[in-house]
Amino acid sequence: MYKYDSYDQEMVDARVEEFRDQARRRLEGSLSEDEFKPLRLMNGLYLQLHAYMLRVAIPYGTLNSEQMTALGDIADKYDRGYGHFTTRQNLQYNWIKLEDTADILADLAKVEMHAIQTSGNCIRNISSDHFAGAAHDELVDPRPYAELMRQWSSFHPEFTYLPRKFKICVIASEKDRAAMRLHDIGVQIVKNEAGELGARFYAGGGMGRTPMIAPMIRDFVPLDQLITYAEACLRVYNRYGRRDNKYKARIKILVHELGRDEYVRQVEEEFAHMLEQGVEPPREELERIKPFFADPAFEDGPKTLDRSDPDFALWVDRNTNRHKHDSYVSAVISLKPVGGIPGDATGDQMRLMARLAKQYSFDELRIMHTQNVVLPHVKISDLHALWTELEAAGLGSPNMDSIEDMIACPGLDYCALANARSIPLAQRISERFNASGKTEKLGELKLKISGCINACGHHHAGHIGILGVDKKGLENYQLSLGGSEAEDTSLAKITGPGFTEDGVIEAVDKVTDVYLAEREGEERFLDTYRRIGMAPFKEALYG
Amino acid sequence: MRVLTGNDLKTGDVIWWTGEGWSRHVDDAVDAGDSAEQILATEEAALRVNVPYVIEATREDDGSVRPAHIKDRIRALGPTVRQDLTLKPKDPEAIDWVI
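Those protein sequences? They're chains A and B, same order as listed.
At position 51 of the first sequence (counting the first as 1) the number is 51 in the UniProt record's numbering, and the numbers step up by one without a gap.
At position 56 of the second sequence (counting the first as 1) the number is 56 in the UniProt record's numbering, and the numbers step up by one without a gap.
This is how it looks when you write it as structure tokens:
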């Protein structure tokens, strides 16, 4: 994985000291909260419901054992012994003190991490496929391109005050495991007919109060023009994106209002102009980055395993992904124990995952946008030993992509923006479906829960989505069906009137009953919904 | 009653105006009445509270204070999904109070 050079390290260290001074001035009173707020947000420090919250960037979800250990140590030393992995492949600490924050940032900087650009109207942490560099179906490892974009977008002076936040995703397979088309810009590394690598661009996707699927805006951008084209996309947005209304300020609104074709025309015009200016980083920079993502020294080994333990066999079937080397798999560590809080991990669990990564996965971990952790390169012959340790630590739930593997945002239990709680629903649904044995019958079913319209819980993209709203001071939940954030991206549709907390759990049960009754062959919930439509589900819910 | 709340500048802790200072316990809160806005301005300027605001609440028969909105009840208690981290970790009925 990428290692900082002296320039990277100096930049991050300098930012820590800058923030230390800013925090000191705030604590002394020479900065007002209005003056300090944008400064702390630029360093990922929010003021949430109970305390300050610090969001730490994990570039394209990749980190090593030393970094994961540091995250666990920070959780114990400065927080309350745990952290929360987010749907942006980041980590949030919920109980941070302002007076400690500079020291935390210094501890992060020691392991080449920071919280820069995890908030504010700038280009946020670049996200990617959590199986990047390991998946059997990828064209190339997308992370060198994500890293190039990270370097380009870090402290970019022109894009520090965009109309609104800006999220970029880079993948390199036809299978979309990163919700690429629900980003402001989605980049897919592809090959053209001549066999050359290039970038397919999508722009104007997003969730929130106005969900939109990004249209493709260019089929092929040569890789030596990747940054120039991205910059052209940003320039048009920065120039014409609305600044008068934050709810209409995202690029999706601009693309929608201009129309895809007019947006593309303007980008192409800007692109042609910028090509003449020669803003593309030298090709040597990409070549410098690539070796950091070279394959580790894979060894041939057994390709089959002993499946006599049914619990182990179930975990293997559910929680491993086919690797590009046939003696390895990628193993998913579930942060969704039955009745647990999705995405939460204790300091001890983080350190354990770090040790397991060192022992079994060439020192690498990945954070999934579904709030789990991946050991990307595990020998098939090591799987049983790995599973045994995960089981003992409560991290061996065999539930990837099942209804128990739901996404849930922090909701009203932690978030100042939320209207309703998300986590209790996740806990009750996982307990209920696990106890009844229904999870196994349902197979792949992606449930996503958001506590407000900002959609951090990706409810628009859930096979089943739940949105918490405030109804006259009471929590109320809207149910929606038919969303997907995969390569078949679609937006879920609301079923009808909302439900109470108890009511929405019953409603989820009812819609899954409809699926089980109507399912044909190997259909997933989503397939059945798409075939039979909303009517049978509405009938079961409201009929 | 009109109750003042905000966060401690250094720690971020949720705090409530007691009439003389700030407490982490909502039951210590007093009715600030028409003086609420002036107290907030003074206290914020003195760095004794950060991002303060006024909420509606009621004083219950047992003397406890109940914020009108669930968001402020969760702020007053702590996350309902981690009772061990609330101000009442050993009270099995504490979460019910929020809802």
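From the three backbone atoms N, C-alpha and C, an ideal C-beta is built for every residue, glycine too.
* Asked: Per DSSP, alanine 331/A forms a beta bridge with which residues?
  -> Within the first sequence, the letter at position 331 stands for residue 331/A. Paired residues: Thr320/A, Leu375/A.
* Quick one, which of Arg355/A, Phe220/A, Lys538/A has its alpha-carbon nearest asparagine 192/A's? -> By 1-based counting over the first sequence, the position of residue 192/A is 192. Ranking the options by Cα distance to asparagine 192/A, first place goes to Phe220/A.
* Counting only beta-carbon atoms, is glycine 12/B nearer than 8 Å to chain A? -> On the second sequence, position 12 is the one that residue 12/B refers to. Interface residue, yes.
* Which same chain residues, not among the five before or five after alanine 354/A, have their C-beta less than 6 Å away from its C-beta? -> Walking along the first sequence from the start, residue 354/A turns up at place 354. These residues qualify, in order along the chain: Ser65, Met68, Thr69.
* Asked: Comparing the C-beta of glutamate 364/A with each C-beta of chain B, is any distance below 8 Å?
  -> As a first step, residue 364/A is located in the first sequence; it is residue number 364 there, counting from the start. Glutamate 364/A is outside the set of residues whose beta carbon lies under 8 Å from a beta carbon in chain B.
* At a CB-CB cut-off below 8 Å, which residues of chain A make contact with arginine 75/B? -> For the purposes of this step, residue 75/B is taken as residue 75 along the second sequence, with counting starting at 1. In chain order: Leu49, His50.
* **Anticipated Cβ contact below 8 Å, glutamate 231/A with valine 279/A, distance rounded** => Along the first sequence, read from residue 1 onward, the residue named residue 231/A stands at position 231. Along the first sequence, read from residue 1 onward, the residue named residue 279/A stands at position 279. Contact holds; Cβ gap of about 6 Å.
* Asked: Between the C-alpha atoms of methionine 113/A and aspartate 513/A, what's the straight-line distance to the nearest angstrom?
  -> Counting from 1 along the first sequence, the entry for residue 113/A is found at position 113. Counting from 1 along the first sequence, the entry for residue 513/A is found at position 513. Roughly 46 Å separates the two Cα atoms.
* Exposed or buried, alanine 76/B, counting other C-beta atoms within 10 Å across all chains shown (16 or more means buried)? -> Taking the second sequence and counting its residues from 1, one reaches residue 76/B at position 76. Flag for alanine 76/B reads buried.
* To do: Measure the C-alpha to C-alpha separation of glycine 457/A and histidine 369/A and round it to an integer number of angstroms.
  => Reading the first sequence from its first residue, position 457 is the one you call residue 457/A. Reading the first sequence from its first residue, position 369 is the one you call residue 369/A. So the two alpha carbons sit approximately 10 Å from each other.
* Are the C-beta of isoleucine 39/B and some C-beta of chain A separated by less than 8 Å? -> For the purposes of this step, residue 39/B is taken as residue 39 along the second sequence, with counting starting at 1. No, no contact with chain A.
* Assign lysine 97/A to buried or exposed, taking buried as 16 or more other Cβ atoms, counted over all protein chains shown, within 10 Å of its Cβ. => Here residue 97/A is taken as the residue at index 97 of the first sequence, counted from 1. With 16 or more other Cβ atoms within 10 Å, it is buried.
* Simplified DSSP assignment, three categories, for glycine 21/B -> Sequence index remark: in the second sequence, residue 21/B carries index 21 (1-based). Note: glycine 21/B maps to coil in three-state DSSP.
* **Backbone CA spacing between leucine 467/A and glycine 498/A [nearest angstrom]** => Looking up residue 467/A in the first sequence gives position 467. Looking up residue 498/A in the first sequence gives position 498. Separation of leucine 467/A and glycine 498/A (C-alpha to C-alpha, rounded to the nearest whole angstrom) is 9 Å.
* Taking the alpha-carbon positions, what's the histidine 25/B to threonine 80/B distance? -> Walking along the second sequence from the start, residue 25/B turns up at place 25. Walking along the second sequence from the start, residue 80/B turns up at place 80. Going from the Cα of histidine 25/B to the Cα of threonine 80/B covers about 16 Å.
* To do: Kindly indicate the opening and closing residues of the beta strand (DSSP E) around arginine 366/A.
  => Locating residue 366/A in the first sequence gives position 366, counting from the first residue. First-last of the beta strand (DSSP E) with arginine 366/A: 364 to 367.
* To do: Helix, strand or coil for threonine 388/A, going by three-state DSSP, please let me know.
  => On the first sequence, residue 388/A is found 388 positions in, with the first residue counted as 1. Of the three classes helix, strand and coil, the one that applies to threonine 388/A here is helix, per DSSP.
* To do: Go through its chain and collect everything with a Cβ distance to alanine 486/A's Cβ below 6 Å, but skip five positions before and after it.
  => Walking along the first sequence from the start, residue 486/A turns up at place 486. For alanine 486/A, where only same-chain residues beyond five positions count, the Cβ hits under 6 Å are Asp176.
* Cβ of glutamine 427/A less than 8 Å from any chain C Cβ? -> The structure shown has no chain C; the protein chains it does contain are A and B.
* Are valine 316/A and serine 430/A closer than 8 Å when you measure CB to CB? -> Within the first sequence, numbered from 1, the residue matching residue 316/A stands at position 316. Within the first sequence, numbered from 1, the residue matching residue 430/A stands at position 430. For valine 316/A and serine 430/A, no; Cβs fall outside 8 Å.
* **Closer than 8 Å at the beta carbon, the chain B residues around isoleucine 341/A** => Residue mapping note: residue 341/A aligns to position 341 of the first sequence, counting from 1. Per Cβ cutoff of 8 Å: Val81, Arg82.
* To do: Could you tell me which uninterrupted alpha helix (DSSP H) segments, each at least 4 residues in length, are contained entirely in the UniProt domain "Nitrite/sulphite reductase 4Fe-4S" (401 to 541) of chain A, listed from first to last along the chain?
  => Within the UniProt domain "Nitrite/sulphite reductase 4Fe-4S" (401 to 541) of chain A, complete alpha helix (DSSP H) segments of at least 4 residues are found at 423 to 436, 438 to 442, 501 to 518, 525 to 532, given in chain order.
* **First through last residue of the beta strand (DSSP E) which encompasses aspartate 344/A** => As a working note, residue 344/A is residue 344 in the first sequence. Looking at the DSSP string, the run of the beta strand (DSSP E) that includes aspartate 344/A is 344 to 346.
* To do: Starting from the C-beta of glutamine 22/A, find all residues in its chain whose C-beta is less than 6 Å away, skip the five residues before and the five after it, and write them out in chain order.
  => As a first step, residue 22/A is located in the first sequence; it is residue number 22 there, counting from the start. If we look at glutamine 22/A and ignore the five residues flanking it on each side, its Cβ neighbours are Leu39.
* Would you call the CB atoms of glycine 483/A and leucine 474/A closer than 8 Å? -> Mapped onto the first sequence, residue 483/A falls at position 483. Mapped onto the first sequence, residue 474/A falls at position 474. Cβ distance not < 8 Å, so glycine 483/A and leucine 474/A don't count as in contact.
* Asked: Nearest to alanine 540/A by CA position, among Glu522/A, Gly521/A, Glu506/A, Glu520/A, is which residue?
  -> As a working note, residue 540/A is residue 540 in the first sequence. Selected option, being the one with the closest Cα: Glu506/A.
* Asked: If you drop the 5 nearest sequence neighbours on each side, which residues of the same chain put their C-beta closer than 6 Å to that of isoleucine 453/A?
  -> As a working mapping, residue 453/A is identified with position 453 in the first sequence. Closer than 6 Å at Cβ, skipping near neighbours: Arg209.
* Asked: DSSP state of arginine 69/A, grouped into three classes?
  -> As a first step, residue 69/A must be located in the first sequence, where it is residue number 69. For clarity, residue 69/A is threonine in the given sequence; the question names arginine instead. Correct three-state label for threonine 69/A: helix.
* Using a Cβ-Cβ distance under 8 Å, would aspartate 413/A count as near chain B? -> By 1-based counting over the first sequence, the position of residue 413/A is 413. Using beta-carbon distances, aspartate 413/A counts as an interface residue toward chain B, with a partner under 8 Å.
* What are the partner residues of tryptophan 16/B, as DSSP defines its beta bridges? -> Taking the second sequence and counting its residues from 1, one reaches residue 16/B at position 16. For tryptophan 16/B, which the question treats as bridged, DSSP gives the partners Thr5/B, Ser23/B.
* Asked: What residue ranges within the segment 162 to 245 of chain A form continuous alpha helix (DSSP H) runs of no fewer than 4 residues, ordered along the chain?
  -> 226 to 240
* To do: Whole angstroms is fine: what's the gap from alanine 294/A's alpha carbon to arginine 143/A's?
  => Position 294 of the first sequence holds residue 294/A. Position 143 of the first sequence holds residue 143/A. The straight-line gap from Cα to Cα measures roughly 10 Å.
* Is the beta carbon of isoleucine 116/A sitting closer than 8 Å to the one on isoleucine 168/A? -> Translated into the one-based positions of the first sequence, residue 116/A becomes position 116. Translated into the one-based positions of the first sequence, residue 168/A becomes position 168. Not a contact, by the Cβ cut-off of 8 Å.
* Excluding five sequence neighbours on each side, which residues of the same chain lie with their C-beta closer than 6 Å to the C-beta of valine 332/A? -> In the first sequence, counting from the first residue as 1, residue 332/A sits at position 332. These residues qualify, in order along the chain: Asn319, Asn372, Val374, Met400.
* **Within 7 Å of chain B by C-beta, residues of the segment 33 to 47 of chain A in sequence order** => Glu33, Leu47
* **Completely contained beta strand (DSSP E) runs for the segment 43 to 104 of chain A, where each covers 3 or more residues** => 45 to 47, 52 to 56, 62 to 64, 82 to 85, 91 to 96
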